[in-house]
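Colleague: Below you will find the structure I want to go over with you.
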Amino acid sequence: KHMYLQFAEKFQEFKEAARIAKEKSHEKMELTSTPSQESAGGDIQSPLTPESINGTDDERAMPEVTQNSEPRAEPTQNALPFTHSSTISKHWEAELATLKGNNAKLTAALLESTANVKQWKQQLAAYQEEAERLHKRVTELECVSSQANAVHTHKTELNQTIQELESTLKKKEEEIEGLKQEIENARELQAQRDSLTQKLQ
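Mapping to the UniProt record's numbering: the sequence shown position 49 is 49, numbers consecutive.
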């Protein structure tokens with residue numbers, strides 16, 4: 001149960017980390033796109049002159065240099081988004097690996113709890129069978145009147161044993177209910193984990 005609580009806390013931490021990473025990603029993408037927008041705005045606001053339309057003598061004399069110089073700036077502008085995207089991808093890969101590890105632990109705990117429930121059910125059935133046998137024995141002894149005192153003593157002992165068995169059965173039933181609740185909680189956590197894994201992918 002303690003492990004389930006730890007997993008729930010980790011799940012909230014991963015969810016918060018995902019939200020923060022997403023916000024940082026938007027902020028960095030906005031910062032990266034701002035120079036391009038300002039450059040585009042500057043081109044629109046610059047006045048049109050004959051030189052800007054027809055070009056100066058130097059510009060008309062060297063058209064190839066101007067054309068070749070512009071594409072060189074593009075890799076620099078695209079480098080930051082590519083690097084940032086690679087960092088985010090590695091971050092999510094690490095988060096996904098952690099989630100897979102937690103999922104394996106949760107699955108093992110779920111299988112163990114299921115096995116425990118099965119074992120307790122078998123023990124409960126055995127106790128119930130023993131209690132029924134003792135009740136029949138008490139009835140048989142009550143039919144023998146010649147051994148009244150011995151029967152009474154034995155009956156008292158059997159009744160005490162039956163009470164102890166019934167008390168044990170009650171405790172086992174409570175333990176089974178607790179295990180069922182743990183399994184239900186584990187299934188809910190596993191469903192949340194599956195949903196988060198699908199979102200990350």
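Yeah, the Cβ is synthetic: ideal placement off N, Cα and C, and Gly gets one too. Note that the structure is predicted; figures quoted are calculated from it, not measured.
Using only CA atoms, which one of Asn185, Glu140 and Cys143 lies nearest to Ala109?
Modeller: Translated into the one-based positions of the sequence shown, residue 109 becomes position 109. Measuring from the Cα of Ala109, the nearest candidate turns out to be Asn185.
Colleague: Using 8 Å for Cβ pairs, my map puts Leu96 next to Thr197. What's the rounded Cβ distance?
Modeller: Here residue 96 refers to the residue found at position 96 when the sequence shown is read from its first residue. Here residue 197 refers to the residue found at position 197 when the sequence shown is read from its first residue. The pair is a contact, with the Cβ atoms about 7 Å apart (cut-off 8 Å).
Colleague: Go ahead and label Arg193 buried or exposed: buried means 16 or more other beta carbons lie within 10 angstroms of its beta carbon, across all protein chains shown.
Modeller: Within the sequence shown, the letter at position 193 stands for residue 193. Classification for Arg193: buried.
Colleague: Report, in whole angstroms, the separation of the C-beta atoms of Leu165 and Ala131, which I expect to be a contact under 8 Å.
Modeller: Numbered from its first residue, the sequence shown carries residue 165 at position 165. Numbered from its first residue, the sequence shown carries residue 131 at position 131. Contact flag correct, Cβ pair sits at about 5 Å.
Colleague: State whether the region 86-105 contacts the region 159-179, with contact taken as three or more CB pairs (one from each stretch) at a distance under 8 Å.
Modeller: No, the region 86-105 does not touch the region 159-179.
Colleague: Spatial neighbours of Gln128 within its chain, please: CB distance less than 8 Å, with the 5 preceding and 5 following residues excluded, ordered by chain position.
Modeller: Position 128 of the sequence shown, counting from 1, holds the residue named residue 128. Excluding residues within five positions, the ones whose Cβ falls inside 8 Å are Leu169.
Colleague: Going by C-alpha to C-alpha distance, which of Arg137, Lys15 and Lys121 sits closest to Thr161?
Modeller: Here residue 161 corresponds to residue number 161 of the sequence shown, with the count starting at 1. When each option's Cα is compared against that of Thr161, the closest is Arg137.
Colleague: What does the Cβ neighbour count give for Ser89, buried or exposed, with the cut at 16 atoms within 10 Å?
Modeller: What you label residue 89 is simply residue 89 of the sequence shown in a count that begins at 1. By the 10 Å Cβ count, Ser89 comes out exposed.
Colleague: Give the single residue among Ser86, Asn102, Lys121 and Asn149 whose Cα lies nearest to the Cα of Lys180.
Modeller: Working through the sequence shown from its first residue, we reach residue 180 at position 180. Selected option, being the one with the closest Cα: Lys121.
Colleague: Would you tell me roughly how many angstroms separate the C-alpha atoms of Gln12 and Ser195, rounded to the nearest one?
Modeller: Counting from one through the sequence shown, the residue named residue 12 turns up at place 12. Counting from one through the sequence shown, the residue named residue 195 turns up at place 195. Roughly 13 Å between the two C-alpha positions.
Colleague: Check each candidate in Gln163, His154 and Asn103 and name the one with the smallest Cα separation from Gln190.
Modeller: Translated into the one-based positions of the sequence shown, residue 190 becomes position 190. It is Asn103.
Colleague: Using the beta-carbon count (16 or more within 10 Å), is Ser113 buried or exposed?
Modeller: Position 113 of the sequence shown holds residue 113. With 16 or more Cβ atoms within 10 Å of its Cβ, Ser113 is classed as buried.
Colleague: In whole angstroms, give me the CA-to-CA distance for Leu111 and Glu177.
Modeller: Sequence index remark: in the sequence shown, residue 111 carries index 111 (1-based). Sequence index remark: in the sequence shown, residue 177 carries index 177 (1-based). Each residue's Cα considered, the two are about 16 Å apart.
Colleague: Below 8 Å on the Cβ atoms is my guess for Lys155 versus Leu141; work out the distance and round it to an integer in Å.
Modeller: Here residue 155 refers to the residue found at position 155 of the sequence shown. Here residue 141 refers to the residue found at position 141 of the sequence shown. With 8 Å as the limit, Lys155 and Leu141 qualify as a contact, their Cβ atoms being about 6 Å apart.
Colleague: Would you tell me roughly how many angstroms separate the C-alpha atoms of Leu200 and Gln163, rounded to the nearest one?
Modeller: By one-based count along the sequence shown, residue 200 stands at place 200. By one-based count along the sequence shown, residue 163 stands at place 163. If you take the alpha carbons of Leu200 and Gln163, they lie about 55 Å apart.
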